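Before any comments, here is the structure.
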Ligand code: NAD
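This is the structure:
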C-alpha cells in the first residue's frame with residue numbers, strides 16, 4: 142500500500158449499528174468498498190445504499206483489499222473472523238495489507254493477534270472508537286489508535302473518513318485498553334447521573350430542573366448532557382449502544398486492572414450493577430435502560 146490519498150480497496154467486516162455508518166462514509170470518500178457480515182440483511186442494506194460489493198467470506202475480503210476494517214462485537218468474534226477455518230481472513234490477506242480492529246476488543250487478545258498477522262505478512266493496529274451512532278453518521282468519532290506509528294500514518298486518511306480526533310495511544314492494544322477505560326468512566330457517569338435523577342424526582346424536583354442544574358454545575362458529564370433527557374426522561378431508551386456491549390467493556394477494564402495489579406474501589410461494584418442489569422433487561426437492551434434498574438420492584 143502507498144501513502145497519501147490513493148483510494149485503495151478497503152474491506153469492512155461487521156456492518157452493524159456502528160459499522161453501517163462508518164463503512165458508508167468510507168464509500169462516500171471514493172474508496173472501493175468490499176463488505177462482509179453474517180447478516181445477509183445488513184449486506185443487502187449497505188449494497189443498496191452505496192457502491193459496496195458484498196463478499197461471501199472474510200477470505201474473499203482478504204483477497205481483494207489493501208486495508209481491512211473489523212467492527213465486530215468482541216475479541217472472540219474478531220478471532221473467529223481472522224483465524225476460524227477455511228473462510229477466515231488471515232491466510233488470504235494481501236502481502237503488506239493492514240488489518241484495523243475498530244471493535245471494542247480485549248487488549249490482551251489484540252496483543253496476541255499482532256504477531257500472528259505479522260507472520261501472515263500483514264500489519265495489525267487497534268483503532269476503537271467513541272461517540273456512538275450519531276458521531277459515526279457525521280464522521281466525528283474519537284479514534285484511539287494503538288500500534289506501529291508508521292502503519293497508523295499509512296491509514297490515517299482512511300481513519301479520517303470516520304473520525305475527527307485520532308489519538309495515538311502507543312503500543313498495540315493500547316487503543317483497546319483506552320476504549321475500555323473510557324467506557325468504564327462513561328458507565329460510572331451514566332449510573333451516577335441516573336441515580337441523581339431518580340433521587341431528585343422522588344424528592345419532588347422536576348426532571349428538567351435536575352438536568353439543568355447538573356449541566357450548569359460540577360456534576361456535568363456526557364450522560365447528563367447527551368443521555369438523561371434524550372433517552373431516559375423521554376423513556377425512548379434508543380441510543381444505539383447495547384447494555385451487553387457496555388457490560389463487556391466494563392469487564393475488559395476491570396480485568397485490565399487485575400492484570401496490572403491496579404487497585405480500584407468502584408470496579409467490582411460497577412461491574413456487578415451492569416451484570417445485574419444485563420441479566421434482568423437482556424444484553425440487547427439499550428445501555429440507557431439501566432435506569433429501569435432503579436424502578437421499585
Ligand atoms: P452490532 O451488534 O450492531 O454490530 C455487530 C455486527 O457484527 C452485526 O452486524 C453482526 O451481524 C456482525 N457479526 C457478528 N458476528 C460476525 C461474524 N462472525 N462475521 C461477520 N460479522 C459478524 O454492534 P455495534 O453497536 O455496531 O458495535 C460494534 C462494536 O463497536 C462493538 O465492539 C461495540 O462495543 C463497539 N462500539 C459500539 C458503539 C455503539 O454506540 N453502538 C460505540 C462505540 C463502540
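Numbering (the numbering used here), first residue to last: 142 to 438.
Don't be surprised by glycine CBs; every beta carbon is placed ideally from N, CA and C.
Here the structure is a predicted model, which is why all the values come from computation and not from measurement.
The bridge partners DSSP lists for residue 300 come to none. With 16 or more other CB atoms across the displayed protein chains lying within 10 angstroms of its CB, residue 362 is buried.
Residue 404 has its alpha-carbon roughly 12 angstroms from the corresponding atom of residue 394. Within the same chain, Cβ atoms closer than 8 angstroms to the Cβ of residue 372 are found at 378, 379, 380, 427 and 429, the five residues on either side in sequence being excluded. Within 10 angstroms of the beta-carbon of residue 305 lie fewer than 16 other beta-carbons, which makes it exposed.
Assignment of beta-bridge partners to residue 285 by DSSP yields 308. Counted as a single uninterrupted DSSP element, the stretch harbouring residue 241 is not any alpha helix (DSSP H) but the beta strand (DSSP E) occupying residues 239-242.
Distance from the CA of residue 166 to the CA of residue 151, rounded to the nearest whole angstrom, comes to 12 angstroms. Cβ-Cβ distances below 6 angstroms link residue 431 to 418 in the same chain, with the five nearest sequence neighbours on each side left out; the list follows chain order. About 6 angstroms separates the CB atoms of residue 168 and residue 192; that is less than 8 angstroms, so the two are in contact.
Separation of residue 279 and residue 399 (C-alpha to C-alpha, rounded to the nearest whole angstrom) is 37 angstroms. Within the region 177-224, the complete alpha helix (DSSP H) runs of at least 4 residues fall at 181-190, 199-205 and 216-224.
Between residue 217 and residue 223, the C-beta gap is not smaller than 9 angstroms, which leaves the two residues out of contact.
Under the three-pair Cβ rule at 8 angstroms, the region 263-275 counts as touching the region 288-299.
Under DSSP, residue 267 shares a beta bridge with 242 and 287.
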